[in-house]
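S.K.: To start, I am sharing the structure in question, which I have written as structure tokens.
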Amino acid sequence: MDFQISQSFFCFSSFVFFLLLSFEPSQASNADHGLSREAFPEGFVFGTAASAYQVEGMALKGGRGPSIWDAFVRIPNTIAGNATADVTVDEYHHYKCRSNIKTASNHKSDLITFCFFFSSIYDQMIMQEDVDIMKDFNFDAYRFSISWSRIFPSITPYANLYHYDLPLALNEEYLGWLSPKIVDAFADYADFCFERFGDRVKNWFTFNEPRCIAALGYDDGLHAPGRCTGCQAGGNSTIEPYIAAHNLILSHAATMKRYREKYQKEQKGMIGILLDFVWYEPYTYSVQDKAAAQRARDFHIGWFLHPLTYGHYPKSMQVIVKERLPKFTKEQAKMVKGSYDYVGVNQYTSYYMKDAGVVDTKPVSYQADWHVDFKYDRDGVPIGPLANSYWLYIVPWGLYKAVTYVKETYRNPVIIVAENGMDQPGNATLPEVLQDTTRVNYFKSYITNLKRAMDDGATVIGYFAWSLLDNFEWRLGYTARFGIVYVDFKNEKRFPKNSAYWFKKILQRKSN
Ligand SMILES: *[C@@H]1O[C@H](CO)[C@@H](O)[C@H](O)[C@H]1NC(C)=O
Ligand SMILES: *[C@@H]1O[C@H](CO)[C@@H](O)[C@H](O)[C@H]1NC(C)=O
Ligand SMILES: *[C@@H]1O[C@H](CO)[C@@H](O)[C@H](O)[C@H]1NC(C)=O
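So the sequence shown is residues -28 to -1, 1 to 484, counted in mature numbering (1 follows the signal peptide of the UniProt record, and there is no 0).
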């Protein structure tokens, strides 16, 4: 069972492109499954996603302080090829607000917002080449995350939207997410960003994949800060993941409260959270396997979305984790319940779930608490074809089921599918790498299933492909390419792949 390894890989995100769809007629062939802008409801948003640490570069420059990832990647043999993200795909030097974009103010797009946003926070950050790509490929808006440690290089307690890159100083001072002190620190940082940028930024997320922050950072130690039972950095896998998750939930809710009380009425923005979700299909239709699949969903997305919707953890978690599971006070539960305007769901793959049979109930880890066996095939038939990464089975119907499950289990929330995509090997070369037919088919089939879930009643307002650019892929370093645009890591040159052209075609609008 290699979920300890595999769970690290569906933890992505934070730089996200938005494409605002205008729904003018365009031709989409049958080969595109009838997909086009007008196949989706008015106001639907399309985009791509990435994260600050994965794409920015200038890691220790431009006034940025170190994050926990800067320290983590320097531990020998941690990242494939001992790679760092000091330069990565150097977005820092590929952003520039060009005057013709800046002045196109009659075209009110989030792309312009993004441009102003970045040029104001990241003084030297310029946006040029990548804006050209967005425009050329019919993207006209951009959603993004902010590097907390670039804005506040010291431990000044102003916190903000978060993508794995905790300021190192907060980890050293009080173990970051393990301390309740982080709640106000994060809310203060977010408050700063709302105050300063909220007039222009109308779409916010508090966290990307808090489950991965807690599970990979504190259960198996595969992500920074690399804590677990027996890990060199210290840790305790039976309790720390739950404490970290609890503080993440409280930080999220406290931030939501600030936004709603101080800013939302005037700024009229929306705010939510980004949750990773693998679809878990019962291995057999036995009562035990069905229960195992339900437990897996509870421990995965339910860990966060259940409290955010209902004010308490899922029953199955309470029963299994018992006193190791922190409790919300009455007041906290009130703050947590209902604390999102929309929920981002990051969805890539699906697995079968089998009951683990008789289990030792001695606490071992968050993952062991699931009491399940992961299965990737039935009678030798894989759940779907593999992408480059061994964990990424291509299962389009899993997206349909995941979205429908969220709709049915959590009171039909407003959903954004916030990440979806697949990878090619890191050593794939030009020009073959640009012929990414499998990826084109991946997007076609997943987006078709998304449409089906919407037709069946899910309230989905946006879709983001992971990712615009090939980039630094956490533990995998530069050995996995998720981009619809190829990047030559030697000189950071960009080359759109066929999948980028496919989006361009699907998203084209009549010019006026
Ligand atoms: C990573 O660094 C360690 C320590 O310097 C070295 O032993 C190892 O060979 C390096 N691995 C690669 C793939 O370069
Ligand atoms: C982990 O924490 C639990 C609960 O406090 C404790 O019983 C256990 O001994 C700790 N394990 C380790 C390895 O420190
Ligand atoms: C890419 O790397 C894989 C795994 O290390 C190797 O098997 C394959 O031959 C490489 N391909 C190329 C084109 O170098």
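By construction, the Cβ of each residue, glycine as well, lies at the ideal position given by its N, Cα and C atoms. Keep in mind that this is a model prediction, so the values were computed, not measured.
1) So, are the CB atoms of Asn443 and Val61 less than 7 Å apart?
2) Just to confirm, is the Cβ distance from Tyr365 to Leu371 under 7 Å?
3) At what residue ranges does the region 203 to 232 contain a whole run of the alpha helix (DSSP H), taking only runs of 4 or more?
4) Work out the CA separation of Gly15 and Val432 for me, nearest whole Å.
5) Check the DSSP bridge columns for Asn175 and list the partner residues they point to.
6) Just to confirm, is the Cβ distance from Tyr235 to Pro213 under 7 Å?
7) Quick one: using the 10 Å Cβ neighbour count with 16 as the cut-off for buried, is Asp137 buried or exposed?
8) Does the distance from the C-beta atom of Tyr414 to that of Met394 stay below 7 Å?
9) Which full runs of the beta strand (DSSP E) of 3+ residues lie inside the region 355 to 409, going along the chain?
10) I need the boundaries of the beta strand (DSSP E) containing Tyr161, first residue and last residue.
11) Any idea what DSSP makes of Thr50, helix, strand or coil?
12) Give me the Cβ distance between Ala31 and Ala3, rounded to the nearest whole Å; I'm assuming they're in contact under 8 Å.
13) Taking 6 Å as the cut-off, is the beta-carbon of Asn399 closer than that to any non-hydrogen atom of ligand 1?
14) Hey, would you say Phe249 sits closer than 7 Å to Gln339, going by beta carbons?
15) Looking only at its chain, what residues have a beta carbon closer than 8 Å to the beta carbon of Leu140, apart from the 5 residues adjacent to it on each side?
16) Buried or exposed, going by whether 16 or more other CB atoms sit within 10 Å of the CB of Gln304?
17) Would you mind giving the Cβ-Cβ distance between Glu391 and Ala21, rounded to the nearest angstrom? I have them listed as a contact below 8 Å.
18) Just to confirm my understanding: we take Lys373, look at its own chain, exclude 5 residues before and 5 after, and list those with CB closer than 8 Å. What are they?
19) I need the residues with a C-beta less than 6 Å from some heavy atom of ligand 1; please give them in chain order.
20) Just the Cα atoms here: how many angstroms apart are Val412 and Val59?
21) On the CB-based measure, 16 or more other CB atoms within 10 Å of its CB, does Ser(-15) come out buried or exposed?
22) What's the call for Asp351, buried or exposed, on a 16-neighbour Cβ count within 10 Å?
23) Measuring only the C-alpha atoms, how far is Pro182 from Pro298?
24) Heavy atom of ligand 2 less than 6 Å from the Cβ of Gly211, yes or no?
25) At a cut of 8 Å, does the region 422 to 429 reach the region 5 to 13 through at least three beta carbon pairs?
26) Over the uninterrupted beta strand (DSSP E) stretch that includes Pro335, give me the two end residues.
27) I'd like the ranges of any beta strand (DSSP E) spanning at least 3 consecutive residues and lying wholly in the region 263 to 331.
28) If you reduce the DSSP assignment to three classes, tell me which class Ile456 lands in.
29) Apply the 10 Å Cβ neighbour rule to Gln396 and answer buried if 16 or more other Cβ atoms are within range, or exposed otherwise.
30) Indicate the three-state DSSP secondary structure (helix, strand or coil) for Val27 in the structure shown.
31) Using a 10 Å radius around the Cβ and a threshold of 16 neighbouring Cβ atoms, would you call Tyr257 buried or exposed?
32) So, with DSSP's three-state summary, where would you put Tyr418?
33) Does DSSP classify Phe259 as helix, strand or coil?
34) Name, in chain order, the residues that DSSP records as bridge partners for Lys465.
35) Considering just the uninterrupted stretch of the alpha helix (DSSP H) at Asp428, what are its terminal residues?
36) Quick one: any contact between the region 211 to 231 and the region 147 to 164, if contact means 3 or more CB pairs under 8 Å?
M.R.: Here's the rundown:
1) Yes, Cβ-Cβ distance for Asn443 and Val61 is below 7 Å.
2) Taking 7 Å as the Cβ cut-off, Tyr365 and Leu371 do not qualify as a contacting pair.
3) You should have 212 to 230.
4) Val432 and Gly15: Cα-Cα distance of roughly 10 Å.
5) Beta-bridge pairing links Asn175 to Met242.
6) Cβ atoms of Tyr235 and Pro213: not closer than 7 Å.
7) Result: buried.
8) Yes. Within cutoff.
9) Every unbroken stretch of the beta strand (DSSP E) spanning 3 or more residues and falling wholly within the region 355 to 409 is given here in chain order: 386 to 391.
10) Note, Tyr161: premise wrong, no beta strand (DSSP E); alpha helix (DSSP H) at Lys153 to Phe169.
11) If DSSP states are grouped into helix, strand and coil, Thr50 belongs with coil.
12) The C-beta separation of Ala31 from Ala3 comes to about 42 Å, leaving the pair out of contact by the 8 Å criterion.
13) It does not: the Cβ of Asn399 is nowhere closer than 6 Å to a heavy atom of ligand 1.
14) 7 Å or more divides the Cβ of Phe249 from the Cβ of Gln339.
15) Within the same chain, Leu140 has close Cβ partners Gly37, Pro38, Ser39, Ile40, Asp42, Ala43 and Ser121.
16) Gln304 should be labelled buried.
17) Right, the Cβ-Cβ distance comes to about 5 Å (below 8 Å), so this counts as a contact.
18) In its chain, beyond the 5 residues on either side, Trp251, Glu253 and Ser322 have a beta carbon closer than 8 Å to the beta carbon of Lys373.
19) Here the list is Pro48, Asn49, Gly53 and Asn54.
20) For the pair Val412 and Val59, the Cα-to-Cα distance works out to about 29 Å.
21) Only weak support is given to the placement of Ser(-15): the predicted model assigns it a pLDDT of 32, under 50, and the question is left unresolved by the model.
22) Result: exposed.
23) Those two C-alpha atoms are separated by around 16 Å.
24) Sequence check: residue 211 is Ile here, not Gly. True, at least one ligand heavy atom lies under 6 Å from that Cβ.
25) Three or more Cβ pairs closer than 8 Å define a contact, and the region 422 to 429 meets that threshold against the region 5 to 13.
26) Segment: none, Pro335 is in no beta strand (DSSP E) and carries neither H nor E.
27) Taking only runs of at least 3 residues, the beta strand (DSSP E) segments lying wholly in the region 263 to 331 are 314 to 318 and 322 to 327.
28) If DSSP states are grouped into helix, strand and coil, Ile456 belongs with coil.
29) Residue environment for Gln396: buried (at least 16 other C-beta atoms within 10 angstroms of its C-beta).
30) Residue state, collapsed to three classes: helix.
31) Per the 10 Å Cβ criterion, exposed.
32) Reduced to three states, the DSSP call for Tyr418 is helix.
33) Note that residue 259 corresponds to Val in the displayed sequence, not to Phe. Three-state result, Val259: helix.
34) Asp460.
35) Going by DSSP, Asp428 is part of no alpha helix (DSSP H) at all; its letter is neither H nor E.
36) In short, these stretches touch, since the Cβ pair count reaches three.
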